[in-house]
Amino acid sequence: MSEAPERFVTRLLNAELKLGAGDFAGAAGDLRAIAGEIEAFVAEHCPTTDSLQWFSFPTFFERLAYRRVEDDPRELRDVGEPYDRVYADLGLALANMGDLAGARAALSQAVRWNPMECAWRLDLAEVCLSMGDEREWLALSFSVFERASHREHLVRAYANFARHFASIHEHALEAACLACAARLGTDDAEVAALIADASGTSADPTALSDEDIVRILGEAGIPEGANAEIAICLIMCASDARALGDDRAAGSLLVRARDLVGEEACRMLAELVADADAEVASRAEADPEPPIPSDEPMDELDG
């Protein structure tokens, strides 16, 4: 944007304080003003072309994950500011004010700026459902299966499909989705209520074996569990963070990977990533890059 990023973030944080206090109209006014400045800046400085796209990825993980799961050959550039949060917050404020069309438009922009943040996708899905667009609700929920990097988001996606299958009396699929959600081990109150309601019925997830779950979901084209590519990205970024001495970030990323795929699978994937890193390091030692020529005169280098 045209102003310093520090001031932009400060204004965003102030708007989020209003959101937290329930001042939705005040927050929406502030966020609309920021969004207007974003749109003017982007129109002038961030053109989208067939070979270039701009995003608002908060960390390198999102950029890496996007590269691995999306078929987008364009050059990616980062605007360096949390544009996605501006639109996500605006969507939340407008939804609470009853402006569902405005909320949908704002959340769509949040997803556009950070397509790897599944919280925005799921919030947009709920707005679509409130507007009667169940098809888009399901499509957005399904898109989370491939992209979720937090188990809470994956749980919400399975819960959405469980609700859908319950509504059309596909109880085996409802049970399979509830079983996948339950296996992720979160304290989601909605999932707990859905499981309690299904207990002892034809949709009881505890009545299914692992083989049943895989078969039932496979026949419906629904993934069973998290995308391993996302877990690999988390582990790769954890490895990089540890190499840079940031053990806290490395630990947080590994916990997210473990929560998605489980302890054993996470350990196996971490070993694969470590082996790949070791192979790359070995090749670099065997075939080092030539030294970069210095701009300094040779007589000065010789001292």
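Just so we're aligned, residue 0 is where the sequence shown starts under numbering that gives the first Met the number 0, counting upward by one.
Every residue, glycine too, gets a C-beta built ideally from N, C-alpha and C.
In whole angstroms, what is the alpha-carbon distance linking residue i and residue j?
i      : j      : result
Leu30  : Arg257 : 36 Å
Ala158 : Ala178 : 10 Å
Ala147 : Asn226 : 8 Å
Asp196 : Asp88  : 33 Å
Ser50  : Leu121 : 29 Å
Gly101 : Ser142 : 22 Å
Arg266 : Gly199 : 36 Å
Val126 : Ile167 : 21 Å
Val213 : Arg182 : 13 Å
Ala92  : Ala104 : 12 Å
Glu284 : Leu123 : 49 Å
Gly21  : His170 : 39 Å
Ala237 : Leu268 : 12 Å
Glu189 : Glu223 : 20 Å
Asp239 : Pro72  : 24 Å
Arg6   : Gly28  : 17 Å
Gly25  : Ala32  : 11 Å
Glu74  : Leu18  : 35 Å
Tyr86  : Val78  : 15 Å
Ala156 : Met96  : 25 Å
Ser281 : Glu69  : 30 Å
Asp98  : Arg10  : 23 Å
Gly250 : Arg62  : 20 Å
Taking the beta carbon of residue i as the centre, do at least 16 other beta carbons fall within 10 Å, making it buried, or is it exposed?
i      : result
Leu172 : buried
Arg150 : buried
Val8   : exposed
Asp286 : exposed
His44  : exposed
Gly263 : The displayed chain sequence assigns Glu, not Gly, to residue 263. The residue in question, Glu263, is exposed, as its Cβ has fewer than 16 Cβ neighbours within 10 Å.
Ser293 : With a pLDDT of only 43 at Ser293, under 50, the local geometry of the prediction cannot be trusted, and the value read off the model is given with reservation. When all chains shown are included, Ser293 counts as exposed.
Asp209 : exposed
Glu116 : buried
Asp187 : buried
Val154 : buried
Ser201 : exposed
Ala277 : exposed
Arg67  : exposed
Ala275 : exposed
Taking residue i as the reference, which of the options has the closest Cα?
i      : options                       : result
Phe23  : Cys45, Gly90, Met130          : Gly90
Ala248 : Leu183, Leu18, Phe60, Glu278  : Phe60
Ala174 : Ala188, Pro204, Glu218        : Pro204
Met130 : Ala94, Leu252, Gly224, Glu278 : Ala94
Gly261 : Ser201, Asp211, Gly184        : Gly184
Ala219 : Leu259, Arg255, Cys176        : Cys176
Arg76  : Pro46, Leu99, Asp98           : Pro46
Ser108 : Leu253, Ala34, Leu252         : Before going on, a small fix: residue 108 reads as Gln here, not Ser. Ranking Leu253, Ala34, Leu252 by Cα distance to Gln108 puts Ala34 first.
Pop quiz: residue i and residue j are said to be a contact at Cβ under 8 Å. What is the actual Cβ separation, rounded to whole angstroms?
i      : j      : result
Ile229 : Ala64  : 6 Å
Val272 : Ile221 : Actually they are not in contact, since the Cβ atoms of Val272 and Ile221 sit about 27 Å apart, beyond 8 Å.
Ala118 : His152 : 6 Å
Compare the C-beta of residue i against all C-beta atoms of chain D and say whether one is closer than 8 Å.
i      : result
Gly184 : Here there is only one protein chain, and chain D is not present.
Self-check item: Segment contact, 8 Å Cβ cut-off, at least three pairs: the segment 10–19 with the segment 37–52
Solution: no
Quiz item: Is the segment 238–252 touching the segment 73–92, taking contact as three or more C-beta pairs under 8 Å?
Solution: no
Quiz item: Should the segment 124–137 be regarded as contacting the segment 158–167, the criterion being three or more beta carbon pairs within less than 8 Å?
Solution: yes
Quiz item: Any chance the segment 107–115 sits against the segment 51–60, with 3 or more Cβ pairs inside 8 Å?
Solution: yes
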